[in-house]
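Student: The numbers in my numbering rise by one with no breaks, and the one at position 203 of the sequence shown is 248.
Glycine is no exception: its CB is placed at the ideal position from the N, C-alpha and C atoms.
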Amino acid sequence: MNSTISISSSARLVELGISVMTGSKLDRKASEKINKDMKAKKKVARVTKNIFAHSEVLPEIVKFAAQVRQASTQLTLPWNDAGQRLIPNAMIQNHMKAMGEYQDKFESMVGDFKKELPALLNDAKDALGELYNELDYPIYDEDIDYYVARKFKFRLDYPPVPEDGGFINGVLDDVKGELNNLHQEGFDRKLKAATKDAWDRMYKCLERLSLQLTDKEDGTPSRLYESLLTEAETVCENLKAFNLTNDPEMEKARVDLWRIIETADIKDLRDKNYGDSTRADMKEKVDDVKASIDSITSKFNF
């Protein structure tokens, strides 16, 4: 499968780097004391302290950074072990907009932490007791800007997908062909993994729909949430862009799912407890939608 050039023209890579200080530090002195007091060998127990456990802002920054990474993952496909991900050109604008908003919020939260930092430093000794070590913190006020800038970073780049092995003419001529073959094999392997990830998203979506549309063992209906269909819509929208190899089976599965959710109304699928006849009518609609969902799953080798 030589798809390098076509993919290079229809997608780019994403490099998202978010550095966040958690405040977690190993306390070697306390670790040694615990092992000695408990008559354990060295390195059996490790004492990890949170030097900013008294911060209200830092835990929120840590959680927010995880949310940003997850949001980026939803808009991209896996590519390599270095953390680069693949994004179709059609989704770059939305990704840039979302990440720009996230970055603004991230920097605002970091600014709040910087404002909080002098009070945290002042209260650190009382907060940590015998675990306090002044070397864990910036010692002078003028060090705070450097300290925060070093601990918190938000980086974003969209490098192109390499079209070939990138080998310079005249260099390693005797192995250039083999190196380019290895590059192509690696590229195809990454593309296969990215395509599998797209299929997996479709499968998980169908699986969740089918499960939620199935009555429980005692015959009572499962609860249906608004997000059931809205999340399926998002999967359909993203899958159109993620189908970088123009796989007709993937597009057919996507269109079939879109037709189902486009005509389904979550209100019609819910048990309103309006009486047996209404429940029977509603259940018939639920079973019809579930049968359509299951038929998509059965046709394709996910």
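Ordered along the chain, which non-local residues of its own chain (more than five positions away) have a Cβ less than 6 Å from that of VAL331?
Tutor: If you number the sequence shown from 1, residue 331 lands on position 286. The answer, listed in chain order, is LEU258 and LEU314.
Student: What residues in its chain sit with their C-beta under 7 Å from that of ILE305, if we drop five residues either side in the sequence?
Tutor: Locating residue 305 in the sequence shown gives position 260, where the first residue counts as 1. Excluding positions up to five away in sequence, the list reads VAL334, SER337 and ILE338.
Student: Identify whether ASN288 lies in helix, strand or coil by the three-state DSSP scheme.
Tutor: Numbered from 1 along the sequence shown, position 243 holds the residue referred to as residue 288. Residue state, collapsed to three classes: coil.
Student: Tell me which same chain residues have a C-beta within less than 8 Å of the C-beta of ASP72, skipping the five on either side of it?
Tutor: Taking the sequence shown and counting its residues from 1, the one referred to as residue 72 is at position 27. Only VAL92, THR93, LYS94, LEU176 and ASN178 meet the Cβ criterion.
Student: Using the C-alpha atoms, what's the distance from ASP233 back to PRO207?
Tutor: The residue given as residue 207 occupies position 162 in the sequence shown. The residue given as residue 233 occupies position 188 in the sequence shown. Cα to Cα, PRO207 sits roughly 12 Å from ASP233.
Student: Look at GLY156 and GLY62 and say whether their C-beta atoms are less than 9 Å apart.
Tutor: In the sequence shown, residue 156 corresponds to position 111, counting from 1. In the sequence shown, residue 62 corresponds to position 17, counting from 1. Cβ distance not < 9 Å, so GLY156 and GLY62 don't count as in contact.
Student: Between which two residues does the alpha helix (DSSP H) harbouring GLY264 extend?
Tutor: On the sequence shown, residue 264 is found 219 positions in, with the first residue counted as 1. No alpha helix (DSSP H) contains GLY264, which DSSP labels as neither H nor E.
Student: Just curious, the beta strand (DSSP E) that ILE79 is in, first and last residue?
Tutor: Indexing the sequence shown from 1 puts residue 79 at position 34. No beta strand (DSSP E) holds ILE79; the alpha helix (DSSP H) holding it covers 73–82.
Student: Using a Cβ-Cβ cutoff of less than 6 Å, which residues in the same chain neighbour LEU162 once the five nearest sequence positions on both sides are dropped?
Tutor: As a working note, residue 162 is residue 117 in the sequence shown. Cβ within range, chain order: ILE189.
Student: Please classify LYS198 as buried or exposed, where buried requires at least 16 neighbouring CB atoms within 10 angstroms.
Tutor: In the sequence shown, residue 198 corresponds to position 153, counting from 1. When all chains shown are included, LYS198 counts as exposed.
Student: So the candidates are LEU201, GLU187, GLU252 and ILE311; which of them puts its Cα closest to the Cα of LYS328?
Tutor: Along the sequence shown, read from residue 1 onward, the residue named residue 328 stands at position 283. Looking at the Cα atoms, ILE311 is the closest of the given residues.
Student: Please state if the CB of LEU201 and the CB of ARG246 are separated by a distance shorter than 9 Å.
Tutor: Taking the first residue of the sequence shown as 1, we reach residue 246 at position 201. Taking the first residue of the sequence shown as 1, we reach residue 201 at position 156. The answer is no: Cβ separation not under 9 Å.
Student: Which residue or residues does DSSP assign as beta-bridge partners of ILE132?
Tutor: Looking up residue 132 in the sequence shown gives position 87. Paired residue(s): ARG57.
Student: For the alpha helix (DSSP H) containing THR308, list its first residue and its last residue.
Tutor: If you number the sequence shown from 1, residue 308 lands on position 263. Per DSSP, THR308 belongs to the alpha helix (DSSP H) from 293–308.
Student: DSSP three-state call for SER69: helix, strand or coil?
Tutor: In the sequence shown, residue 69 corresponds to position 24, counting from 1. SER69 falls in the strand class under three-state DSSP.
Student: Spell out a yes or no on whether the stretch 143–159 and the stretch 108–120 are touching, meaning 3 or more CB-CB pairs, one atom from each, closer than 8 Å.
Tutor: Yes, the stretch 143–159 is in contact with the stretch 108–120.
Student: By the three-class DSSP mapping on this structure, what secondary structure does LEU201 have?
Tutor: On the sequence shown, residue 201 is found 156 positions in, with the first residue counted as 1. Three-state DSSP puts LEU201 in a strand.
Student: Give the straight-line distance between the Cα atoms of LEU120 and ALA277, rounded to the nearest whole angstrom.
Tutor: Here residue 120 refers to the residue found at position 75 of the sequence shown. Here residue 277 refers to the residue found at position 232 of the sequence shown. Between LEU120 and ALA277, the C-alpha separation is close to 14 Å.
Student: So what does DSSP say about SER100, is it helix, strand or coil?
Tutor: As a first step, residue 100 must be located in the sequence shown, where it is residue number 55. SER100 falls in the coil class under three-state DSSP.
Student: Are any of the Cβ atoms in chain D nearer than 9 Å to that of ARG73?
Tutor: No chain D is part of this structure, which consists of one protein chain only.
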